[in-house]
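Under the working numbering, think of the first position of the sequence shown as 5, with each following residue one higher.
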Amino acid sequence: MIINTGGRTDTVQYYTDWLLRRFAEGYVLSRNPLFPNKVMRYELTPDKVDCVVFCSKNYRPILPQLHEITGRFPTYFHYTITAYGKDVEPGVPSIAESMETLKELSKLVGKQRLAWRYDPVLLTRKYTIERHLETFERMASALSPYVDRCIFSFVEMYRKLEANMPEIIPMSDWDMDALARGLGAIAGKYGLHIQTCGTNGDFTRYGIHASGCMTLDILGKANSLSFRDLKHRGMRQGCHCIESRDIGAYDTCMNGCKYCYANKNPRKAFENYQYHDPTSPLLLGHLRPEDTVVQGVQKSFLRGVRHG
Numbered sequence: 005m006i007i008n009t010g011g012r013t014d015t016v017q018y019y020t021d022w023l024l025r026r027f028a029e030g031y032v033l034s035r036n037p038l039f040p041n042k043v044m045r046y047e048l049t050p051d052k053v054d055c056v057v058f059c060s061k062n063y064r065p066i067l068p069q070l071h072e073i074t075g076r077f078p079t080y081f082h083y084t085i086t087a088y089g090k091d092v093e094p095g096v097p098s099i100a101e102s103m104e105t106l107k108e109l110s111k112l113v114g115k116q117r118l119a120w121r122y123d124p125v126l127l128t129r130k131y132t133i134e135r136h137l138e139t140f141e142r143m144a145s146a147l148s149p150y151v152d153r154c155i156f157s158f159v160e161m162y163r164k165l166e167a168n169m170p171e172i173i174p175m176s177d178w179d180m181d182a183l184a185r186g187l188g189a190i191a192g193k194y195g196l197h198i199q200t201c202g203t204n205g206d207f208t209r210y211g212i213h214a215s216g217c218m219t220l221d222i223l224g225k226a227n228s229l230s231f232r233d234l235k236h237r238g239m240r241q242g243c244h245c246i247e248s249r250d251i252g253a254y255d256t257c258m259n260g261c262k263y264c265y266a267n268k269n270p271r272k273a274f275e276n277y278q279y280h281d282p283t284s285p286l287l288l289g290h291l292r293p294e295d296t297v298v299q300g301v302q303k304s305f306l307r308g309v310r311h312g
């Protein structure tokens, strides 16, 4: 199975001690977001986990101890660095700081295990097409030697986003085409593999690959693993990734990004943080008498391996 540590929250930045402890103790509990009294248990041991996938906007807190995980498990890292400032991403370090941290991470884990995410791409009066392309080129020129690929997607205009970010400008087909054309040309200039993630539309004419950001092909090549040829169900509509198990929790990320889908509102994450105990197997709180713990199914995707 694939363990995802960063789909619901930025565990690397805000819950580093907890994350390291879970892998050290060899298991984790994850509360079902739809049925809160149902808790899944997953074994975090090399015989049960094919690969650990990280996604964060700040790897600085975990760098000194990252070897505790990378030394035992195949891994892959998504590092999100966008064009936005504190007005959109209040808890995220500056672009310059983030790029330096990415370079350090790359030296630790190898560029083949590291993807730079430039998403979501959105427009406001401040963050125009021109600004995106200007910032992207500056970043691509610096980061291309340190990453396996760049992944981008256009923002999804869900209802909550309109309330949290009223300054956003809905993107037209012309806008998306202009951005894709520019991003593709810049990536080509620096020899950077670029692909979309969960974005409708075919931009292959601009040298942009259309594939999932977490496929068995990507994870296998990064770690010299041989996976079975399995259908990728995806984690949501339009997603082409392999199925994974996320060990985080919604409403716990304190980055405060205006476009975030994982928080109802930034205030909720800060309120929930008071229930975090680094020694608990759950990200938030502890098991309750009314909880039911179920052992999660952990089937391997590796070729020639069967376990549950």
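For each residue, glycine too, the CB sits at the ideal point set by N, CA and C.
Since this is a predicted model, take the numbers as computed values, not measurements.
Runs of beta strand (DSSP E) wholly within the stretch 183-222 (minimum 3 residues, chain order): 198-200
Beta-carbon proximity check, A273 vs R12, cutoff 8 Å: no
Spatial distance of L291 from T74 (CA atoms): 29 Å
CB contact flag (A191, D152, <8 Å): Result no, Cβ atoms of A191 and D152 do not sit closer than 8 Å.
Exposed unless 16 or more other CB atoms sit within 10 angstroms - verdict on K61: buried
The stretch 281-298 touching the stretch 47-63, judged by at least three CB pairs closer than 8 Å: no
Endpoints, the alpha helix (DSSP H) within which L106 is located: Segment I99 to V113, the alpha helix (DSSP H) holding L106.
Classification of G308 by the beta-carbon crowding that lies within 10 angstroms, buried from 16 upward: Counting Cβ neighbours within 10 Å, G308 comes out exposed, since fewer than 16 surround it.
Residues that DSSP places opposite V92 in a beta bridge: Per DSSP, none; premise fails for V92.
Close Cβ partners of E72 (< 8 Å) along its chain, the five nearest in sequence each way excluded: Once the five neighbours on either side are set aside, the close Cβ partners of E72 are L24, F27 and A28.
Check whether S148 and Y194 have beta carbons under 8 Å apart: Using a Cβ distance threshold of 8 Å, S148 and Y194 count as a contacting pair.
I251 burial status per 10 Å Cβ neighbour count (16 or more: buried): buried
Local conformation of R307 per DSSP, three classes: Collapsing the DSSP output to three states places R307 in coil.
C-alpha distance - L220 paired with R76, whole-angstrom precision: Approximately 19 Å, taken between the alpha carbons.
Span of the beta strand (DSSP E) around L33: Y31 to R35
Coil, strand or helix - P174 by DSSP: coil
S315 (DSSP reduced to helix, strand or coil): This structure cannot settle anything about residue 315, because the visible part of the chain is limited to 5 through 312.
For P174 and M161, the rounded distance between their alpha carbons: 8 Å
Local conformation of Y46 per DSSP, three classes: The three-state reading of DSSP puts Y46 in strand, counting E and B together.
Nearest-angstrom Cβ-Cβ length linking L70 and L112, presumed shorter than 8 Å: 6 Å
Minimum C-alpha distance to R121 - residue among A100, A87 and G95: Residue A87 is the option with its Cα nearest to R121.
Residue span of the beta strand (DSSP E) that contains Y277, given as start and end: Y277 -> not in any beta strand (DSSP E); alpha helix (DSSP H) instead, spanning P270 to Y277.
Best match in G202, A184 and L286 for proximity to G351 [C-alpha to C-alpha]: Within the shown structure, residues of the chain are numbered from 5 to 312, placing residue 351 beyond reach of any answer.
Burial state of Y131, where buried means 16 or more other Cβ atoms lie within 10 Å: buried
Inter-residue spacing [alpha-carbon to alpha-carbon] between N276 and M103: 30 Å
Nearest residue (CA-CA) to M143, options C264, I99 and L165: Selected option, being the one with the closest Cα: I99.
N259 - partner residues in DSSP beta bridges: According to DSSP, N259 bridges with nothing at all.
Nearest to F207 (by Cα), restricted to the options S230, M258, D181 and P37: D181
Residue range of the unbroken alpha helix (DSSP H) whose run includes Y18: T15 to Y18
Three-state class that DSSP yields for P124 in the structure shown: DSSP places P124 in strand when its eight states are reduced to three.
Nearest residue (CA-CA) to M218, options G211, S284, R209 and Q199: Q199
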